[in-house]
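Listed in order, the protein sequences are those of chains A and B. Just so we're aligned, residue 1 is where the first sequence starts under my numbering, counting upward by one. Just so we're aligned, residue 1 is where the second sequence starts under my numbering, counting upward by one.
There are 2 protein chains.
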Amino acid sequence: MISVTEQQDVKKERILEAAHHRFLHFGYSKTTMNEIAGDLAMSKALLYYYFPDKSQLYIAVMRRVADDYLKSLSDKINTFKDLREAFIFQIDTQHEFIVTNYNFFDFFRINEQNLPDTIWEIVNQVHESEMKLLVTAIETEEKRGRIKPVDNAEEIVGLLLDALHGVRAKSIPHKKTMFPNKEHLDEIRTKRLLLADIFIKGLMY
Amino acid sequence: MISVTEQQDVKKERILEAAHHRFLHFGYSKTTMNEIAGDLAMSKALLYYYFPDKSQLYIAVMRRVADDYLKSLSDKINTFKDLREAFIFQIDTQHEFIVTNYNFFDFFRINEQNLPDTIWEIVNQVHESEMKLLVTAIETEEKRGRIKPVDNAEEIVGLLLDALHGVRAKSIPHKKTMFPNKEHLDEIRTKRLLLADIFIKGLMY
DNA sequence: AATTGATAGTTTTGTTAAAAAAGTCAGGAA
DNA sequence: TTCCTGACTTTTTTAACAAAACTATCAATT
């Protein structure tokens with residue numbers, strides 16, 4: 001026997017999947033509740049039976065996307081042979097996360113400054129996980145005596161994340177080529193690795 | 001005797017001044033040719049006698065603004081007692097440049113991607129000057145034997161400028177408070193200095 | 001409890017007219 | 001000639017409003 005609430009959960013699951021698919025490919029603003037319902041061969045009204053409104057549905061999907069990311073971080077924490085490996089992991093993982101979910105994140109670009117609090121919570125949670133991963137890596141490196149003692153690991157990691165964020169392809173986008181191509185992405189990655197290396201060096205004795 | 005062309009230059013000068021004043025306080029989009037002419041007690045048509053159109057006038061003002069900035073850089077180049085001093089100078093000078101001209105630069109925010117080539121030339125020129133100042137500083141420091149030899153000073157300076165650009169206040173702007181307040185600015189400056197220090201450390205032996 | 005068609009309410013989009021600003025020009029003053 | 005202006009034309013921005021597209025609700029049905 002499958003309980004009622006389990007049934008509900010299954011249905012919610014299917015909705016989240018369909019919604020995720022739409023949001024991921026067309027973004028928040030370019031997908032309608034009708035389309036999601038259509039994909040599931042159910043009525044739009046049913047969506048509202050399971051989710052209070054469109055933004056709540058989006059946030060629920062976001063929650064799962066973020067959870068996947070958080071898991072990939074916590075799975076790896078404390079498994080690095082040195083600080084550099086941790087930095088590289090952070091750079092690559094975050095980069096892929098952003099690239100693969102680019103359309104999904106249009107919600108952020110649209111609502112810019114005034115995002116719902118729930119979204120901010122998720123954003124902060126993600127940020128904290130990234131911080132934690134790297135702070136741990138720094139502390140480990142410190143214990144191993146490879147870098148000098150730091151009293152402000154948090155501050156330093158936050159700084160690094162900001163700095164990495166600022167790194168961009170050399171050719172200042174002269175023309176409207178929204179979405180950087182493969183070469184640009186590679187260039188950015190290379191630069192970030194260089195920055196990480198200098199950074200690590202700067203933390204050593 | 002004042003020559004004809006000198007007279008013209010004087011008049012142009014006055015127009016540039018008035019235009020600068022308007023652009024600086026209200027931005028490009030919120031100042032009209034009529035207003036500029038009004039400030040000078042001359043007719044709008046006369047502006048068009050001296051300048052082909054509004055954007056050309058803006059660019060001419062921009063040219064002067066940039067030249068001032070370039071001068072402040074070239075005046076200081078090679079006068080630093082060490083690399084750190086050069087970095088601090090760069091951080092403070094650029095910061096002030098951006099803050100004091102914030103409204104003036106609305107042109108950039110409006111036209112985003114498709115700026116006129118002339119503007120891009122100025123932007124690149126400024127960027128190159130900043131690069132040159134810091135590359136020189138690095139090379140000097142290198143000659144003095146305080147940092148290890150670098151074969152890619154350009155690359156490293158470019159990276160630092162990008163990284164500095166990414167540094168922002170901790171409190172991710174939760175509400176729409178366009179234009180960061182004094183505290184935020186101070187926080188950013190402090191962080192940038194910290195980044196510069198780690199960076200310098202990373203370049204040492 | 002789960003589901004839907006019909007429908008109410010809201011936001012986005014498209015249309016058009018008026019207002020404002022950019023840009024032109026024939027002609028007058030210096 | 002060079003410098004300058006008022007009046008005029010053209011282009012862009014704004015405002016108002018109707019149509020269309022969506023979101024969201026709900027009484028009725030399985």
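Here a beta-carbon is modelled for each residue, glycine too, at the ideal position from N, C-alpha and C.
Using 9 Å as the threshold, is the C-beta distance between residue i and residue j below it?
i: B:D39; j: B:A18; result: yes
i: A:A196; j: A:H184; result: no
i: B:R63; j: B:I122; result: yes
i: B:K76; j: B:F87; result: no
i: B:I198; j: A:F199; result: yes
Below 8 Å on C-beta distance, what does residue i contact in chain A?
i: B:V167; result: L159, D162, A163, G166
What's the gap between the Cα of residue i and the Cα of residue j?
i: A:L164; j: A:Q7; result: 45 Å
i: A:L133; j: A:D162; result: 15 Å
i: A:T190; j: A:E96; result: 14 Å
i: B:N152; j: B:Y69; result: 26 Å
i: A:I91; j: B:L16; result: 47 Å
i: A:G158; j: A:T140; result: 17 Å
i: A:E128; j: A:S74; result: 11 Å
i: B:E155; j: B:V126; result: 17 Å
i: A:N124; j: B:S55; result: 42 Å
i: A:K71; j: B:V135; result: 42 Å
i: B:D53; j: B:P116; result: 13 Å
i: B:T118; j: A:K182; result: 29 Å
i: B:N101; j: B:E112; result: 17 Å
i: A:N114; j: A:L194; result: 35 Å
i: B:Q94; j: B:N78; result: 17 Å
i: B:W120; j: A:K143; result: 49 Å
i: B:R14; j: B:A41; result: 11 Å
Enumerate in chain order the residues of its own chain whose CB-to-CB distance from residue i is below 7 Å, with the five nearest sequence positions on each side excluded.
i: A:I188; result: V167, R168, A169
i: B:G202; result: none
i: A:T31; result: R22, F23
i: A:K176; result: At A:K176, the pLDDT of 47 sits below 50, so the modelled position is not reliable and the matter cannot be decided from this model.
i: B:A137; result: F80, L83, A86
i: B:I2; result: At B:I2, the pLDDT of 48 sits below 50, so the modelled position is not reliable and the matter cannot be decided from this model.
Listing by chain order, which chain A residues have their CB less than 7 Å from the CB of residue i?
i: B:F199; result: I198, G202
Interface residues of chain B around residue i at Cβ under 7 Å?
i: A:L194; result: L159
i: A:K132; result: Those do not exist, as A:K132 stays about 16 Å from chain B at its closest Cβ, beyond 7 Å.
Leaving aside the five residues before and after residue i along the sequence, list all residues of the same chain whose C-beta is less than 6 Å from its C-beta, in chain order.
i: B:K44; result: M33, N34, A37
i: A:L57; result: A19, F51
i: B:L47; result: M33, A37
i: A:D186; result: none
i: A:Y205; result: K148
i: A:K12; result: Y50
i: A:R192; result: I91, L164, V167
i: A:V10; result: none
What residues of chain B sit near residue i, judged by a beta carbon separation below 8 Å?
i: A:K170; result: G158
i: A:K11; result: What A:K11 touches in chain B: nothing, since even the nearest Cβ is about 35 Å away.
i: A:K182; result: Result: empty, since nearest Cβ-Cβ is about 20 Å, beyond 8 Å.
Take residue i and list the residues in its own chain whose beta-carbon comes closer than 8 Å to its own, dropping the five residues that flank it on each side.
i: B:M131; result: E154, V157, G158, L161
i: B:A66; result: I122, Q125, V126
At a cut-off of 8 Å, is residue i close to the ligand GDP when judged by its beta-carbon and the heavy atoms of the ligand?
i: A:I98; result: Here there are no bound small molecules, and the ligand GDP is not part of this structure.
Along chain B, in chain order, which residues have C-beta atoms closer than 9 Å to that of residue i?
i: A:K71; result: Result: empty, since nearest Cβ-Cβ is about 23 Å, beyond 9 Å.
i: A:K143; result: Simply none; closest approach about 20 Å.
Can you list the residues of chain A that residue i reaches, using a CB-CB cut of under 9 Å?
i: B:K44; result: The contacting residues do not exist; B:K44 stays about 33 Å from chain A at best.
Determine, using beta-carbon pairs with one atom in the stretch 93 to 108 of chain B and one in the stretch 23 to 35 of chain B, whether at least three such pairs fall under 8 Å.
Touching, per the Cβ criterion.
Stretch-stretch touch, CB-based, cutoff 8 Å, three pairs: the stretch 135 to 153 of chain A with the stretch 82 to 89 of chain A
yes
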